[in-house]
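Each protein sequence line maps, in turn, to chains A and B. Numbered continuously in our numbering, the first sequence closes out at residue 437. Numbered continuously in our numbering, the second sequence closes out at residue 437.
Protein chains: 2
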Amino acid sequence: MTTDPKWRRRKTARPGEIEAAALEVFAERGFAAAKLEEIAERAGLSKAAIYVYYPNKTELFRAVVGARAAPDIETIAAILETADLPFAELARAMLARMAEAMSRPGLRSLARMVIAEGRNFPEIAQLWHDGVVARALAAMSAAIARAQARGEVRPGNPRLMALSLIGPMMLGALWIEVMVPAGGEPIDLTALAAEHFATVADGLLIKDEARAA
Amino acid sequence: MTTDPKWRRRKTARPGEIEAAALEVFAERGFAAAKLEEIAERAGLSKAAIYVYYPNKTELFRAVVGARAAPDIETIAAILETADLPFAELARAMLARMAEAMSRPGLRSLARMVIAEGRNFPEIAQLWHDGVVARALAAMSAAIARAQARGEVRPGNPRLMALSLIGPMMLGALWIEVMVPAGGEPIDLTALAAEHFATVADGLLIKDEARAA
DNA sequence: CCAGTAATTGACCCGTCGGTCATTAGCAGG
DNA sequence: CCTGCTAATGACCGACGGGTCAATTACTGG
Numbered sequence: 225m226t227t228d229p230k231w232r233r234r235k236t237a238r239p240g241e242i243e244a245a246a247l248e249v250f251a252e253r254g255f256a257a258a259k260l261e262e263i264a265e266r267a268g269l270s271k272a273a274i275y276v277y278y279p280n281k282t283e284l285f286r287a288v289v290g291a292r293a294a295p296d297i298e299t300i301a302a303i304l305e306t307a308d309l310p311f312a313e314l315a316r317a318m319l320a321r322m323a324e325a326m327s328r329p330g331l332r333s334l335a336r337m338v339i340a341e342g343r344n345f346p347e348i349a350q351l352w353h354d355g356v357v358a359r360a361l362a363a364m365s366a367a368i369a370r371a372q373a374r375g376e377v378r379p380g381n382p383r384l385m386a387l388s389l390i391g392p393m394m395l396g397a398l399w400i401e402v403m404v405p406a407g408g409e410p411i412d413l414t415a416l417a418a419e420h421f422a423t424v425a426d427g428l429l430i431k432d433e434a435r436a437a
Numbered sequence: 225m226t227t228d229p230k231w232r233r234r235k236t237a238r239p240g241e242i243e244a245a246a247l248e249v250f251a252e253r254g255f256a257a258a259k260l261e262e263i264a265e266r267a268g269l270s271k272a273a274i275y276v277y278y279p280n281k282t283e284l285f286r287a288v289v290g291a292r293a294a295p296d297i298e299t300i301a302a303i304l305e306t307a308d309l310p311f312a313e314l315a316r317a318m319l320a321r322m323a324e325a326m327s328r329p330g331l332r333s334l335a336r337m338v339i340a341e342g343r344n345f346p347e348i349a350q351l352w353h354d355g356v357v358a359r360a361l362a363a364m365s366a367a368i369a370r371a372q373a374r375g376e377v378r379p380g381n382p383r384l385m386a387l388s389l390i391g392p393m394m395l396g397a398l399w400i401e402v403m404v405p406a407g408g409e410p411i412d413l414t415a416l417a418a419e420h421f422a423t424v425a426d427g428l429l430i431k432d433e434a435r436a437a
């Protein structure tokens, strides 16, 4: 009988598998409480083998968080730069896309991790700030400013308006991450996006002018 | 010469001091990375003395998070239950109060901690859910539902509307906690509250009816 | 002033986990 | 087939930090 080898040499495949496992464990336990042994186990190799690919735990963390930062953001930025769609359509599409992105656990738990570990890893926070959040915010502010120039959006600070737009989606995502496991009522992010879009478009209040009609 | 004693017996004063120091350290480092030695140092006693008042680190954490949960929320809930103020005034006052509460680091960093450690401490998340977040959300949903019944607010899911209201303030608070230390542009929460109120009241879009005037 | 009590401490213990290293074993090239 | 390279391992180390305990010292009541 040809016995199965105890392990395989798979130099190119390893890093991806390690990072995937690490993302899981870091997301579940947080940086400090995550054990390399557990990451190794889930990645299907030994703890020592991790050190072939990453010099230490911190660097592995950096690789995990840094790698998966950009992709979803690009899509959102692309939507916002679709110039000359009416702002209402832009906003609706953006909120829908964000609901979608935050419905999958990947980006969502990553966001929670950045919030959780940002203080202890200033460079991680900076990486996300520069590469993800600030860019998204800037793209959105720019879109709002353009819409203001076209007379579609009322005057006001575009940056603060951008926060008004994305705040509820972030809160929804964090609710799912933190409160639902603790017994909180689930939230349908798509429904939230729709409801919030209605509010952003027309406000919550019923206008007096409506009575005049 | 009457020599100063090396230490004092201050049984009643200790718990408060320990919890204050613990809040600081937990907020700075996170639960796992917080060292009891450092908490002891800042509280002005020895590590061993902490164990007179708390059986272990986890229990201390529980005490810290549990204790400071309620007070600010009560104020906000009280505002929302001021029945029969016009909803617009209710919302404006609530947002202003929230901006104020989140401008101080206490509640703000506590919120970040709950997000950070909620997964590892389900009971903490549950404590906050039951005692703080769910109650605030319920009070707000109720206020919105009442306003809908009076015809002040458009139809729609009150719970999702409540998330629309508070989302941006939470995001602002987290921005200050996480991104500003990493070089992010600061945010004036009071200005954010005002801008967001304007959006919630009337929306971002300039109405066509306005042209008719 | 003098016990007796209990708050407080410093030194210690020990489990855990990040990180290292000599050794093993898969595999490619001749 | 076998030989050399190196991916991969298991056993180990050392530091760090949570938690304990006997000894110490501030008080309190008589």
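For glycine and all other residues, C-beta sits at the position ideal for the given N, C-alpha and C. Just so it is clear, the structure is predicted and the values come from calculations on it, not from any experiment.
Checklist entry - Sorted by chain position, which residues of the same chain lie with C-beta nearer than 6 Å to R233 (chain A)'s C-beta, five sequence neighbours on each side aside? => result none
Next on the checklist: By the DSSP assignment, the alpha helix (DSSP H) with Y469 (chain B) in it spans what residues?
Outcome noted: No answer is possible for residue 469 (chain B): it lies beyond the span of chain B, which begins at 225 and ends at 437.
Item to check | Endpoints, the alpha helix (DSSP H) within which M441 (chain B) is located | outcome: Because chain B spans 225 through 437 in this model, residue 441 (chain B) falls outside it and cannot be assessed.
Checklist entry - How about S388 (chain A): is its C-beta nearer than 7 Å to some C-beta of chain B? => result yes
Checklist entry - Can you tell me whether DSSP reads L428 (chain B) as helix, strand or coil? => result coil
Checklist entry - Pick from A:V276, A:E324, A:A244, A:I263: whose alpha carbon is nearest that of K235 (chain A)? => result A:V276
Item to check | Minimum Cβ-Cβ distance from E419 (chain A) to chain B less than 7 Å | outcome: yes
Checklist entry - Residues of chain A with a CB under 7 Å from the CB of E252 (chain B): which are they? => result R343
Item to check | Bridge partner(s) assigned by DSSP for V377 (chain A) | outcome: B:L429
Checklist entry - Buried or exposed: P215 (chain B), going by 16 or more other Cβ atoms within 10 Å of its Cβ? => result The question about residue 215 (chain B) has no answer, for chain B in this structure spans 225 to 437.
Checklist entry - Would the region 411 to 430 of chain A and the region 386 to 393 of chain B be scored as touching if the rule is three or more Cβ pairs under 8 Å? => result yes
Next on the checklist: Give me the chain B residues within the contact set of I430 (chain A), using Cβ-Cβ distance strictly less than 8 Å, ordered along the chain.
Outcome noted: G375, E376, V377, R378
Checklist entry - What is the rounded straight-line gap between the Cα of A325 (chain B) and the Cα of G268 (chain A)? => result 47 Å
Item to check | Secondary structure of E305 (chain A), DSSP reduced to three states | outcome: coil
Checklist entry - Between the beta-carbon of Q350 (chain A) and the beta-carbon of A425 (chain B), is there less than 7 Å? => result no
Checklist entry - Per DSSP, what kind of secondary structure is P229 (chain A) in: helix, strand or coil? => result coil
Checklist entry - Below 8 Å, can you find three or more Cβ-Cβ pairs linking the region 291 to 309 of chain A to the region 303 to 316 of chain B? => result no
Next on the checklist: List, in chain order, every chain B residue whose beta-carbon is nearer than 7 Å to that of M403 (chain A).
Outcome noted: A349, H353, V357
Checklist entry - Of all Cβ atoms in chain A, is any one closer than 7 Å to the Cβ of A425 (chain B)? => result yes
Next on the checklist: Suppose you measure from the CA of G342 (chain A) to the CA of A320 (chain B); what does that come to, to the nearest Å?
Outcome noted: 27 Å
Checklist entry - Would a check of beta-carbon distances place M318 (chain A) closer than 7 Å to chain B? => result no
Item to check | Helix, strand or coil at A369 (chain B) according to DSSP, with G and I counted as helix | outcome: helix
Item to check | C-alpha distance - A246 (chain A) paired with L284 (chain A), whole-angstrom precision | outcome: 8 Å
Checklist entry - How many angstroms separate the CA atom of A287 (chain B) from the CA atom of K281 (chain B)? => result 10 Å
Checklist entry - Mind pulling the alpha helix (DSSP H) runs of 4 or more residues that sit fully within the region 237 to 265 of chain A? => result 238 to 253
Checklist entry - What residue does the alpha helix (DSSP H) around E409 (chain A) start on, and which one ends it? => result Taken as a continuous stretch (DSSP letters only), E409 (chain A) belongs to no alpha helix (DSSP H), as it is neither H nor E.
Checklist entry - Would the region 246 to 256 of chain B and the region 326 to 336 of chain B be scored as touching if the rule is three or more Cβ pairs under 8 Å? => result yes
Next on the checklist: Is it buried or exposed, P392 (chain A), if we count other Cβ atoms within 10 angstroms and call 16 or more buried?
Outcome noted: buried
Checklist entry - Span of the alpha helix (DSSP H) holding M394 (chain B)? => result 382 to 398
Next on the checklist: I'd like to know whether the C-beta atoms of E376 (chain B) and F421 (chain B) end up nearer to each other than 7 Å.
Outcome noted: no
Checklist entry - Taking the alpha helix (DSSP H) that F285 (chain A) falls in, what are its first and last residues? => result 281 to 291
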